[in-house]
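Line by line, the protein sequences give chains A and B.
Under the working numbering, the first sequence has 74 at position 42, and the numbering climbs by one with no breaks.
Under the working numbering, the second sequence has 32 at position 24, and the numbering climbs by one with no breaks.
Backbone N, C-alpha and C fix where the C-beta goes; we use that ideal spot for every residue, glycine too.
As structure tokens, the structure follows; a few thoughts come after it.
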Amino acid sequence: AQRVTQPEKLLSVFKGAPVELKCNYSYSGSPELFWYVQYSRQRLQLLLRHISRESIKGFTADLNKGETSFHLKKPFAQEEDSAMYYCALSSILTGGGNKLTFGTGTQLKVEL
Amino acid sequence: DVKVTQSSRYLVKRTGEKVFLECVQDMDHENMFWYRQDPGLGLRLIYFSYDVKMKEKGDIPEGYSVSREKKERFSLILESASTNQTSMYLCASSPDRRRDAGELFFGEGSRLTVL
Numbered sequence: 033a034q035r036v037t038q039p040e041k042l043l044s045v046f047k048g049a050p051v052e053l054k055c056n057y058s059y060s061g062s063p064e065l066f067w068y069v070q071y072s073r074q075r076l077q078l079l080l081r082h083i084s085r086e087s088i089k090g091f092t093a094d095l096n097k098g099e100t101s102f103h104l105k106k107p108f109a110q111e112e113d114s115a116m117y118y119c120a121l122s123s124i125l126t127g128g129g130n131k132l133t134f135g136t137g138t139q140l141k142v143e144l
Numbered sequence: 009d010v011k012v013t014q015s016s017r018y019l020v021k022r023t024g025e026k027v028f029l030e031c032v033q034d035m036d037h038e039n040m041f042w043y044r045q046d047p048g049l050g051l052r053l054i055y056f057s058y059d060v061k062m063k064e065k066g067d068i069p070e071g072y073s074v075s076r077e078k079k080e081r082f083s084l085i086l087e088s089a090s091t092n093q094t095s096m097y098l099c100a101s102s103p104d105r106r107r108d109a110g111e112l113f114f115g116e117g118s119r120l121t122v123l
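Dropping the structure here:
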């Protein structure tokens with residue numbers, strides 16, 4: 033069965049400092065991983081996916097299959113990055129469709 | 009813009025009551041999901057559906073049931089609400105296109121309090 037682990041419930045950094053939100057996974061198949069973000073009083077939304085290899089709002093995440101990790105990184109934190117971040121693993125269903133398994137989330141707080 | 013609408017933002021119910029949470033999406037998505045969101049536990053999948061009249065149990069289906077009579081609507085039912093079902097409930101949908109697998113569109117959530 034798939035599992036996603038986010039070891040930190042809360043991460044507090046100063047503005048301008050680097051950010052790394054940790055995510056580890058276990059999955060027997062070929063993983064597809066995502067980061068979702070929920071800003072205060074907004075709905076949960078997709079931030080980025082590993083297959084796109086893109087940078088969104090300055091965030092990047094690299095899939096490391098050897099370490100089974102998908103850490104989210106940003107070189108310089110901004111105040112508007114304060115939010116709840118969830119790592120998620122997608123699995124394809126035999127009957128069709130897909131489902132996401134989420135981690136427990138990390139609250140990022142960027143202090144001035 | 010994909011819109012997932014949950015009919016009730018806040019509900020207060022009593023133990024033993026039957027509760028309906030409604031969710032509608034307007035993008036013709038095949039897949040729909042119900043999660044509950046609890047502090048320290050993250051999002052946990054209750055039920056999902058990848059076609060009309062199809063439903064599959066998620067990770068925590070006990071105490072819940074669902075209905076999907078139309079493609080755009082996915083309802084979550086608590087047959088007899090209990091206090092441990094006090095939570096934020098999130099509905100989501102996704103297209104069944106392989107390249108978009110894993111991109112979920114969420115509703116704003118329904119905060120249920122069971123007294």
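Taking a C-beta cut-off of 9 Å against chain A, the contacting residues of the segment 82 to 103 of chain B are Leu-98, Ala-100 and Ser-102, listed in chain order. Here the alpha carbons of A:Ser-62 and A:Ser-123 stand approximately 9 Å from one another. Within its own chain, the residues whose Cβ lies closer than 8 Å to the Cβ of B:Ser-83, once the five positions on either side in sequence are excluded, are Phe-28, Leu-29, Glu-30, Cys-31, Val-74, Ser-75 and Arg-76, listed in chain order. In its chain, beyond the 5 residues on either side, Val-32, Gln-33 and Asp-34 have a beta carbon closer than 7 Å to the beta carbon of B:Glu-80.
Listed as beta-bridge partners of B:Cys-99 by DSSP are B:Trp-42. Between A:Lys-47 and chain B, the shortest Cβ-Cβ separation is not below 7 Å. Assigned with DSSP and collapsed to three states, A:Ser-122 falls in strand.
With fewer than 16 other beta carbons inside 10 angstroms of its own, A:Pro-39 counts as exposed. Counting only residues of its own chain and dropping the five nearest sequence neighbours on each side, B:Ser-118 has a CB closer than 6 Å to the CB of Gln-14, Ser-16, Leu-29 and Tyr-97.
Pairing A:Tyr-117 with B:Ile-68, the inter-Cα distance amounts to about 22 Å. Two segments are said to touch when three or more pairs of C-beta atoms, one from each, lie closer than 8 Å; by this definition the segment 35 to 50 of chain A touches the segment 134 to 143 of chain A.
By the Cβ neighbour-count rule, B:Tyr-58 is buried, with 16 or more other Cβ atoms within 10 Å of its own.
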